[in-house]
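In my numbering, the protein residues as written are 53 to 255.
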């Protein structure tokens, strides 16, 4: 769990916010969680304000830092009121990483691209599908406007886990969805329910 002062969280922070971030967990054999960077946090908060008419619940937001390698816990669940942040593993689309390097090389909003898309997403309704419990996502920006048509969702996948990182140094790849660990899906869906926002970017 990381902590961000409420003042810096709400006002944007800059370098001072980075100094307020304290790392308090991590596994010895794995890369430790990396707190959301101030610049990315500021972009996410700006998106939250920009889409305030659509985002009905602003207590918790998800921030995905695609600047980080997939082996790093880069899906940040940020409690806007308390300033607490938790970082979890998330895979990116194979179309964003065709050589399977573990790094996002590009984004795409095109159907059939199997790539991740940047931008703000509205979390939609949950459902049970081939990946089990999942959550629909609606793209709110031009760069992810086809998310719903592309069936970009949050779901669990067997290729996302600490064991995969230990064995290969990276996660598997999705078809563009935010694929998370089976051990984390209940928590993510519980905290990022309908009406909340996920913001994804590569700075």
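Note that beta-carbon positions come from the ideal geometry of N, C-alpha and C, so glycine has one too.
{"Check": "Nearest to residue 84 by alpha carbon, out of 90, 139 and 109?", "Outcome": "139"}
{"Check": "Out of curiosity, what's the CA-to-CA distance linking residue 184 and residue 207?", "Outcome": "7 Å"}
{"Check": "Measure the beta-carbon distance from residue 148 to residue 142 and round it to whole angstroms, keeping in mind my assumption that it falls under 8 Å.", "Outcome": "The pair is not a contact, with the Cβ atoms about 12 Å apart (cut-off 8 Å)."}
{"Check": "Put residue 188 into one of helix, strand or coil per three-state DSSP.", "Outcome": "strand"}
{"Check": "Figure out for me which residue from 87, 237, 198 and 115 has the closest Cα to the Cα of residue 98.", "Outcome": "115"}
{"Check": "From residue 94 to residue 251, what does the alpha carbon distance come to, in whole angstroms?", "Outcome": "11 Å"}
{"Check": "Between the Cα of residue 181 and those of 108, 209, 103 and 131, spot the shortest distance and give me the residue it belongs to.", "Outcome": "209"}
{"Check": "Considering just the uninterrupted stretch of the beta strand (DSSP E) at residue 137, what are its terminal residues?", "Outcome": "136–140"}
{"Check": "Could you spell out the range, first to last residue, of the alpha helix (DSSP H) harbouring residue 216?", "Outcome": "214–220"}
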